[in-house]
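Chemist: All residue numbers for the sequence shown refer to the numbering used here, where the first residue is -18 and numbers rise by one. Quick one: this structure, given as structure tokens, is what I'll be asking you about.
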Amino acid sequence: MIIYKPVCVGCGRCHPYCPAHAIYFEDMKSAVDQDLCYECGNCLRVEVCPVDAIAESPHVYEYPRAVRKYFSDPNATHAVTGIQGRGTEESKTNDVTLRCGPGEVGIGIEVGRPTLGMGLEDIQKITRALARNGITEIEKNNPIHSMIKDPKTGDLKPELLNEKVLSAIIEIQVKRDRLRDVLRTVKEVAREVDSVFTLDVYTMLEPKLTIPKKVLDIIESEGFSWRPNAKINMGLGRASDQD
Ligand code: SF4
Ligand code: SF4
């Protein structure tokens, strides 16, 4: 984001809306620290500037900076997935896609939300830790999949490492037996990552709409608390008839 200095009247109204504390005063006007800015668009979207001094940077869609916008601006359509947002629609469409089948769990490792963000180096710490534990398959429709340079090591493409994003989700699918390994891996690597985590565990329900006990037992025995959450896009497709 940029602020046109000759137009800005230095009122400071935009400052509290920046989650990155990237807007600062300079010569009685405001300016944006381009290194800190996530390109989230919040300062523009809230429409608090009385003189329209805030504008999108002409470089916002240039690679690799564009990842800031794709991951941080909820209105941006991601160039890789073609959908808005940081992840995919796994839980909402699983009854049709059956991406996460019986006996499997989908795991979403959400980092950075709310408003803390992180550098992509932190994402690499997580993808490397997963790879060390044999989890090298990031969901192919997830934007992070295309950012990986070497799936065997979990290394990201080097040009991305100086970028930062407001939040990201690493999505994987594993057999239920591997859920424990993933939870332990995330707990371990969380010590090295300077941000906040939320873990999503997706599973198909069992008869009578119960959550599989095995999944809950693993979550609880690894010291995590859980909160049920269902998201289904009703009526958007024919449910899969696979077992
Ligand atoms: S785009 Fe977002 S991060 Fe950048 S200055 Fe505006 S509010 Fe702050
Ligand atoms: S709201 Fe507009 S005029 Fe006020 S400090 Fe921000 S950019 Fe400048």
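By construction, the Cβ of each residue, glycine as well, lies at the ideal position given by its N, Cα and C atoms.
Verify whether the separation of the beta carbon atoms of Ile199 and Trp207 is less than 7 Å.
Modeler: What you label residue 199 is simply residue 218 of the sequence shown in a count that begins at 1. What you label residue 207 is simply residue 226 of the sequence shown in a count that begins at 1. No, Cβ-Cβ distance for Ile199 and Trp207 is not below 7 Å.
Chemist: Would a C-beta distance cut-off of 7 Å place Arg157 and Val86 closer than the cut-off?
Modeler: As a working note, residue 157 is residue 176 in the sequence shown. As a working note, residue 86 is residue 105 in the sequence shown. Yes, they are a contact pair.
Chemist: With H, G and I counted as helix, E and B as strand and the rest as coil, what does DSSP make of Leu17?
Modeler: The residue given as residue 17 occupies position 36 in the sequence shown. Leu17 falls in the coil class under three-state DSSP.
Chemist: What are the start and end residues of each continuous alpha helix (DSSP H) run of 4 or more residues lying completely inside the segment 62 to 131, in chain order?
Modeler: The qualifying runs are 71 to 78, 101 to 113.
Chemist: What residues come near ligand 1, if near means a beta carbon less than 5 Å from any of its heavy atoms?
Modeler: After applying the 5 Å Cβ criterion, the set is Met(-18), Cys(-1), Ala1, Ala3, Val13, Cys18, Tyr19, Cys21, Asn23, Cys24.
Chemist: Flag Ala34 as yes when its Cβ comes closer than 6 Å to any non-hydrogen atom of ligand 2, and as no otherwise.
Modeler: In the sequence shown, counting from the first residue as 1, residue 34 sits at position 53. It does: the Cβ of Ala34 is within 6 Å (strictly closer) of some heavy atom of ligand 2.
Chemist: Tell me, to the nearest whole angstrom, how far the beta carbon of Glu102 is from that of Leu142; I am working on the premise that it is less than 8 Å.
Modeler: What you label residue 102 is simply residue 121 of the sequence shown in a count that begins at 1. What you label residue 142 is simply residue 161 of the sequence shown in a count that begins at 1. That pair is a contact at about 5 Å.
Chemist: For ligand 2, is there any heavy atom lying closer than 6 Å to the beta carbon of Arg(-6)?
Modeler: Numbered from its first residue, the sequence shown carries residue -6 at position 13. Yes, Cβ of Arg(-6) sits closer than 6 Å to a heavy atom of ligand 2.
Chemist: Between Ile4 and Val(-10), is the Cβ-Cβ spacing less than 7 Å?
Modeler: Here residue 4 refers to the residue found at position 23 when the sequence shown is read from its first residue. Here residue -10 refers to the residue found at position 9 when the sequence shown is read from its first residue. Cβ distance not < 7 Å, so Ile4 and Val(-10) don't count as in contact.
Chemist: For Gly22, which residues in the same chain have their Cβ closer than 6 Å to its Cβ, ignoring the five residues on either side in sequence?
Modeler: Residue mapping note: residue 22 aligns to position 41 of the sequence shown, counting from 1. Contacts found: Asp54.
Chemist: Between the C-alpha atoms of Thr248 and Arg161, what's the straight-line distance to the nearest angstrom?
Modeler: Nothing about residue 248 can be read from this structure; the chain reaches only from -18 to 224.
Chemist: Using a threshold of 6 Å, is the CB atom of Ser11 nearer than that to any non-hydrogen atom of ligand 2?
Modeler: As a position in the sequence shown, residue 11 is number 30, starting the count at 1. Yes, the beta carbon of Ser11 sits closer than 6 Å to at least one heavy atom of ligand 2.
Chemist: Specify the secondary structure class of Ile192 as computed by DSSP and reduced to three states.
Modeler: Numbered from 1 along the sequence shown, position 211 holds the residue referred to as residue 192. Three-state result, Ile192: coil.
Chemist: Quick check on DSSP: helix, strand or coil for Leu147?
Modeler: By 1-based counting over the sequence shown, the position of residue 147 is 166. Of the three classes helix, strand and coil, the one that applies to Leu147 here is coil, per DSSP.
Chemist: Quick one: residues in its chain with C-beta nearer than 7 Å to the C-beta of His126, no 5 flanking neighbours on either side, listed in chain order?
Modeler: Along the sequence shown, read from residue 1 onward, the residue named residue 126 stands at position 145. The answer, listed in chain order, is Ile119, Glu120.
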